[in-house]
Amino acid sequence: MLDTLSLLEEWQFPSVARRQVEVLQVNLGYRCNLQCLHCHVDASPGRSEMMERNVIEDIVRFLEKGDIKTLDLTGGAPEMNIHFCYLVESAKALGVHVIDRCNLTIFEEPGYKELANFLALNEVEVVASLPCYLEDNVDKQRGRGTFAASIKGLLRLNSLGYGKPMSGLVLNLVYNPQGPALPPPQAALESDYRRHLTEKFGIEFNQLFTLTNMPIKRFGSMLVSKGEFEGYMQLLNNAYSSDNLESLMCRNQLSVDWQGFVYDCDFNQMLNLPLQREGKSRWHLSDLAGGMLEGEAVVVKGHCYGCAAGQGSSCGGALEG
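Throughout the sequence shown, residue numbering follows this note's numbering, covering 7 to 327 in sequence.
Below, the structure is given as structure tokens:
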């Protein structure tokens, strides 16, 4: 796989300063039951990196300090970590809102038949990846049969109340472009998703999040191999909007890798660009006290244009309406 970090360093991005950390995004491991073309984590069934129990306990201790409002669990498939349920229950007991970034097909895997019930019981918000509402496009990006399994997963979640008005069970979907292009306007695309999924399958959901593909890891390597990297970076740069700087997710979010080391965001984690502050070259979550990062500089490179281009992009979708 081609590394794009040296290419990203050629693009200058404005400085960004942190605010108080409110969201802790934790990568529970890079193992996944899928191997998607757009995956910036390079997750796959063959990855072995998984967070162990001692690091899970570091997460819980950090949550006990009381500053974190949201625990955002990602992977790989985060549910494949054997400590997933323990971490969810521990966070909920502390009054922390929990998000599970789910690929939907995990519900069809052996050993995960009761997962949807567990998520509903613990009122976990599900952010589900569905890169298109058309079968051919999804299967091309994620593998044959993935769309059908995703629809079954959505129907399963709907049957438990997810996406239903007044249920309190939040189900949001995530769209990624098929290639080196910016996502279309989020509101219009959400209407298309809602109309198609409702009319054809009777599926309900709360919101659609549009995410820009990042020029790193698997997607970045593909761009380089096809000679499209510079063109894509120019597209992001040309679409840059300074209005998005105030809303960047790295301002109030901290990313934690499977070993417990911390980064400004999930993308920096994948580029091995750790949180920079005085005292150490690499900081572990167990070394940090809540609220200590306000005003400190975020590590920025060229990929940050992916978050600030057009409507903007974050783990919560577009930054502008």
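Where a beta carbon is used, it is the ideal one built from N, C-alpha and C, also for glycine. In this text the structure is predicted, and so the values were computed from the model without any measurement.
Item	Value
Between Gly35 and Glu55, how many whole angstroms is the CB-CB distance? I'm expecting something under 8 Å.	5 Å
Between the beta-carbon of Arg24 and the beta-carbon of Gly301, is there less than 8 Å?	yes
I need the DSSP call for Leu110, collapsed to helix, strand or coil.	coil
Would you tell me roughly how many angstroms separate the C-alpha atoms of Val305 and Val22, rounded to the nearest one?	8 Å
Look at the Cβ atom of Phe267, then the Cβ atom of Arg288, and state whether they are nearer than 8 Å.	yes
In chain order, what residues of the same chain have a beta carbon less than 6 Å from the beta carbon of Leu93, not counting five sequence neighbours either side?	Ile62
Return the CA-CA distance between Ser231 and Tyr269, expressed in angstroms with no decimal places.	28 Å
Taking DSSP's pairing of strands, which residues face Asp78 in a bridge?	Gln31 and Ile105
Sort Asp73, Leu260, Asp293 and Lys98 by Cα distance to Leu279 and report the nearest one.	Leu260
Name the residue from Pro20, Glu15, Asp9 and Glu16 whose alpha carbon lies nearest to the alpha carbon of Asn248.	Asn is not the amino acid found at residue 248; the sequence shown has Ser there. Cα-wise, what sits closest to Ser248 is Pro20.
Look at Asp179 and Tyr199 and say whether their C-beta atoms are less than 8 Å apart.	The sequence given here has Leu at residue 179, not Asp. Going by C-beta atoms, Leu179 is nearer than 8 Å to Tyr199.
Between Glu85 and Ile112, what straight-line distance do the alpha-carbon atoms span, to the nearest angstrom?	8 Å
What runs of the alpha helix (DSSP H), each 4 residues or longer, lie entirely inside the region 225–265?	235–244
Is the beta carbon of Asn258 closer than 8 Å to that of Glu27?	Here residue 27 turns out to be Val, not Glu, going by the sequence shown. A contact, by the Cβ cut-off of 8 Å.
Assuming the contact rule is C-beta atoms closer than 8 Å, Gly316 and Leu188 should be a hit. Round their C-beta distance to whole Å, please.	5 Å
Using three-state DSSP, classify Val180 as helix, strand or coil.	strand
Would DSSP call Phe215 helix, strand or coil?	strand
Any idea if Pro1 is buried or exposed, counting beta-carbon neighbours within 10 angstroms, 16 or more meaning buried?	Residue numbering for the chain in the displayed model covers 7 to 327; residue 1 lies beyond these limits and cannot be assessed.
Closest by CA to Asp142, which one among His309, Val29 and Ser156?	Ser156
So, Leu241 versus Gly312, is the Cβ gap smaller than 8 Å?	no
Where do the N-terminal and C-terminal ends of the beta strand (DSSP E) with Ser135 fall, by residue?	Glu131 to Ser135
Is DSSP giving Ala303 helix, strand or coil here?	strand
Does the Cβ-Cβ distance between Glu210 and Thr204 come in under 8 Å?	yes
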